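Everything on this sheet refers to the single structure shown next.
Protein chains: 2
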Amino acid sequence: MADLARLAGVSVATVSRALNGSPEVSLATRQRIGELARSLNYTVNIGAKNLRTKQNRTVAVVIPYDEQSRQHITDPFFLAMLGSLADALTDRGFDLLLSRVDSGYLAAASQLYESGAVIGTVLIGQWRHHAQLNALAQRGAPLVVWGAQLPQQVYCSVGGDNLAGGQLATRHLIERGGRRIVFMGDPSLPEVAQRLAGYHQALAEAGIAPDPALQLNVPFETGQARAALTRLIESGIAFDAIFACSDVLAISSMQLLRLYGRAVPQQVLVVGYDDIEWASHADPPLTTVRQPIAAAGIEIVQALFDGVAGQPTPPRTLPVELVVRQSSLR
Amino acid sequence: MADLARLAGVSVATVSRALNGSPEVSLATRQRIGELARSLNYTVNIGAKNLRTKQNRTVAVVIPYDEQSRQHITDPFFLAMLGSLADALTDRGFDLLLSRVDSGYLAAASQLYESGAVIGTVLIGQWRHHAQLNALAQRGAPLVVWGAQLPQQVYCSVGGDNLAGGQLATRHLIERGGRRIVFMGDPSLPEVAQRLAGYHQALAEAGIAPDPALQLNVPFETGQARAALTRLIESGIAFDAIFACSDVLAISSMQLLRLYGRAVPQQVLVVGYDDIEWASHADPPLTTVRQPIAAAGIEIVQALFDGVAGQPTPPRTLPVELVVRQSSLR
DNA sequence: ATGAAAGCGCTAACAC
DNA sequence: GTGTTAGCGCTTTCAT
Chain H
1 MADLARLAGV SVATVSRALN GSPEVSLATR QRIGELARSL NYTVNIGAKN LRTKQNRTVA
61 VVIPYDEQSR QHITDPFFLA MLGSLADALT DRGFDLLLSR VDSGYLAAAS QLYESGAVIG
121 TVLIGQWRHH AQLNALAQRG APLVVWGAQL PQQVYCSVGG DNLAGGQLAT RHLIERGGRR
181 IVFMGDPSLP EVAQRLAGYH QALAEAGIAP DPALQLNVPF ETGQARAALT RLIESGIAFD
241 AIFACSDVLA ISSMQLLRLY GRAVPQQVLV VGYDDIEWAS HADPPLTTVR QPIAAAGIEI
301 VQALFDGVAG QPTPPRTLPV ELVVRQSSLR
Chain Y
1 MADLARLAGV SVATVSRALN GSPEVSLATR QRIGELARSL NYTVNIGAKN LRTKQNRTVA
61 VVIPYDEQSR QHITDPFFLA MLGSLADALT DRGFDLLLSR VDSGYLAAAS QLYESGAVIG
121 TVLIGQWRHH AQLNALAQRG APLVVWGAQL PQQVYCSVGG DNLAGGQLAT RHLIERGGRR
181 IVFMGDPSLP EVAQRLAGYH QALAEAGIAP DPALQLNVPF ETGQARAALT RLIESGIAFD
241 AIFACSDVLA ISSMQLLRLY GRAVPQQVLV VGYDDIEWAS HADPPLTTVR QPIAAAGIEI
301 VQALFDGVAG QPTPPRTLPV ELVVRQSSLR
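Just so you know, the sequences run in chain order H and Y. For the first sequence, the UniProt record's numbering assigns the number 1 to the initial residue and increments by one for each residue that follows. For the second sequence, the UniProt record's numbering assigns the number 1 to the initial residue and increments by one for each residue that follows.
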């Protein structure tokens, strides 16, 4: 900037003002300096600017990972959320700092904030970390978590309406003739627990007694899910429908069912969750509960900015919607 | 830090040294300061540190988007690459700044560098921007592009061996009895052009004359691809195999073929490209050319760091491999 | 309308 | 082993 000032024959103060479009500096010099900067490929050093102004236009997006599995971000749903956040932030002129932190030590997520690198943090994946997240929020970092709304929650969460989602899916399966409906998902995750509650409510409404044998407690990871479903099939326990807590699980299950000669939807109805792009390309196209991904990105970002501005940030629940395709149409 | 110094009864210089683990400061005070900092949730302001030391531990990953379609990052392959890069950078203690820039104005990608926000840039998706990328590289920013190696290339590219991939896929289809092999992809993209060249070579080896009617020039976007394939089917032109330049295209095509009562693999063999996670869950499981995604992340990051260090960064081509599943096994 | 100068939080000579 | 001080590149009062 000093160079620029010298070349323009003015002081750095003027250059700074000009580059920031201050009306104090005459239009002529403002333009002259602007063009000089452009021709020199000069850009204000963002670090110095941030240091001086104590502001900052970047947001951290944290995806926790299991220390053991050390797995790559892989579920298309997470990735779609990431894209949605990227778009929402880009629209507001903010950058996105992608960070992976050990899920056992989420406190690391706040370092980005405490070191002044970001103005706040978005965490995708609440998992089992409710307490850790509360602790994190209490350290003062603006934080928004994609996940379920829980009792005694200090942090702000934005999430789909999981209870309604579970009900929607299950009611639909019942309407279509399902009576022995398998539930697939890991209820130790808050979001899944709520979907399970919706499943139970819908069963109760229809006067169907839930059979614990049909509740498959499997993580969002196809390997174990396939094993569990295989055991179920081979045990000979009857079922005529599946409500899976993710599309990945649902599609993987449909494939397995085919292997065992069970036709979808003729013999088994299937409903998934998320409505990832693949759901409509599955065979048969998958009925699923659509999560409002684009809206989610916008809401999350809005909530985060509210938090940064010191405004209250109540948890938000976004509506979900049932998308009926052929996997549930007998 | 001044506060910390006061509380510890030392000067800021000592605190700085202690926090950076300098052996000059006595172990006792070093530990004392360390614990004090921890108890205060204090973290060195990274912006100020970067400003002073003129270093920086963040890398920009840019995903261009079309100004028109303004579409979300959506192809699972891109997202998998992103995950791989995130892992590779995390392993080296670097942060990843995710940025979306208008593909018509890629020069914007260098701003992150010129403003000192990042030490270099990784661009996923070479598309048609060879010239722009060259210009970008010439501005001095360390840049690595995932894509094909091209003549007169100034920037460093890391990519799969597209020529071999095209050959592998096509030879396999021929071995399996394919004679009239459809090619799907947009040859205006360098990577696809190389795969097409491989396709042509394999045809020539087998003495099969290429039929231009079988070359479907469609983008990586299923809508147009489906339209083109539909036209081909309805035109009555015979074909017995498809080589699609992405798994998304391939799976979408299989779905369409089923609609038209063409059995895969009995009537039409299909091979895809990328080996995204979904390929093995498709129906039938998709034979495909595997891109080395995990290795790619590591290579890209290595190349970028070489560039930052001022070392030469020749383009790198990574081996691909054919993964045979049922979609091509008649 | 423009300039001089202080200071954002940190590190690294250089002194002691 | 520790303190003093200059300065990274910028913005912003306060003067003029």
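All residues carry an ideal CB built from backbone N, CA and C; glycine is no exception. Just so you know, these numbers come straight off a predicted model, no measurement behind them.
In chain order, what residues of the same chain lie with their CB nearer than 8 Å to the CB of residue i, ignoring the 5 residues before and after it?
i: Asp161/H; result: Thr317, Leu318, Pro319, Val320
i: Gly198/H; result: Asn162, Leu163, Ala164, Gly165, Gly166, Gln167, Leu168, Ala169, Thr170
i: Ser157/H; result: Gln126, Val144, Val145, Trp146, Gly147, Ala148, Gln149, Leu150, Pro315, Arg316
i: Asp240/Y; result: Gly177, Gly178, Arg179, Arg180, Ile181, Gln267, Val268, Leu269
i: Arg92/H; result: Val301, Phe305
i: Arg6/Y; result: none
i: Val264/H; result: Met254, Leu257, Arg258, Val270, Pro284, Ser327
Does the CB of residue i have a neighbour CB from chain Y at under 9 Å?
i: Ile46/H; result: yes
i: Ser327/H; result: no
i: Tyr105/H; result: no
i: Val61/H; result: yes
i: Arg262/H; result: no
i: Arg180/H; result: no
i: Ile251/H; result: yes
i: Gly83/H; result: yes
i: Leu112/H; result: yes
i: Gln255/H; result: yes
Are the C-beta of residue i and some C-beta of chain H separated by less than 9 Å?
i: Ala295/Y; result: no
i: Thr317/Y; result: no
i: Ser99/Y; result: yes
i: Ala279/Y; result: no
i: Gly116/Y; result: yes
i: Leu51/Y; result: yes
i: Ile233/Y; result: no
i: Thr43/Y; result: yes
i: Arg290/Y; result: no
i: Pro142/Y; result: no
i: Asp283/Y; result: yes
i: Gly272/Y; result: no
i: Ile33/Y; result: no
i: Asp161/Y; result: no
Since residue i is in the alpha helix (DSSP H), which residue starts that stretch and which ends it?
i: Asp247/Y; result: 247-259
i: Gly21/Y; result: Segment: none, Gly21/Y is in no alpha helix (DSSP H) and carries neither H nor E.
i: Gly272/Y; result: Per DSSP, Gly272/Y belongs to no alpha helix (DSSP H); it is in the beta strand (DSSP E), 269-274.
i: Phe305/Y; result: 293-308
i: Ala148/Y; result: Element bounds for Ala148/Y: n/a, residue is neither H nor E.
i: Ala8/H; result: 2-8
i: Ala225/Y; result: 222-235
Determine the extent of the beta strand (DSSP E) in which residue i is found, giving its start and end residues.
i: Pro312/H; result: First-last for Pro312/H: undefined, no H or E at that position.
i: Glu321/H; result: 321-323
i: Gly160/H; result: 156-160
i: Arg139/Y; result: Premise fails: Arg139/Y is in no beta strand (DSSP E) and is neither H nor E.
i: Arg290/H; result: 287-290
i: Thr43/Y; result: Here Thr43/Y belongs to no beta strand (DSSP E), and DSSP marks it neither H nor E.
Let me know if residue i comes out buried or exposed under the rule of 16 or more other beta-carbons within 10 Å of its beta-carbon.
i: Ser26/H; result: exposed
i: Gly177/H; result: exposed
i: Ala213/Y; result: exposed
i: Ile119/Y; result: buried
i: Ser252/H; result: buried
i: Arg30/Y; result: buried
i: Asp275/Y; result: buried
i: Lys49/H; result: buried
i: Asp3/Y; result: exposed
i: Tyr273/H; result: buried
i: Ser246/H; result: buried
i: Gly236/Y; result: exposed
i: Tyr105/Y; result: exposed
Leaving aside the five residues before and after residue i along the sequence, list all residues of the same chain whose C-beta is less than 6 Å from its C-beta, in chain order.
i: Ala202/H; result: Gln167, Thr170, Arg171
i: Val324/H; result: Thr287
Looking only at its chain, what residues have a beta carbon closer than 7 Å to the beta carbon of residue i, apart from the 5 residues adjacent to it on each side?
i: Glu299/Y; result: Val158, Arg316, Leu318
i: Arg70/Y; result: Its pLDDT being 48, under 50, Arg70/Y is placed unreliably by the model, and the measurement read from it follows with that caveat. Cβ within range, chain order: n/a, list empty.
Given the structure, does residue i come close to the ligand MG, in the sense that its CB is under 8 Å from one of the ligand's heavy atoms?
i: Val12/H; result: Ligands in the displayed structure: none, and consequently the ligand MG is not present.
Unbroken stretches of the alpha helix (DSSP H), 4 residues or longer, contained in the region 167-216 of chain Y: Taken in chain order, the complete alpha helix (DSSP H) segments of 4 residues or longer contained in the region 167-216 of chain Y are 190-205.
Length at least 4, wholly inside the region 70-128 of chain Y: the alpha helix (DSSP H) runs in chain order: 76-91, 111-114
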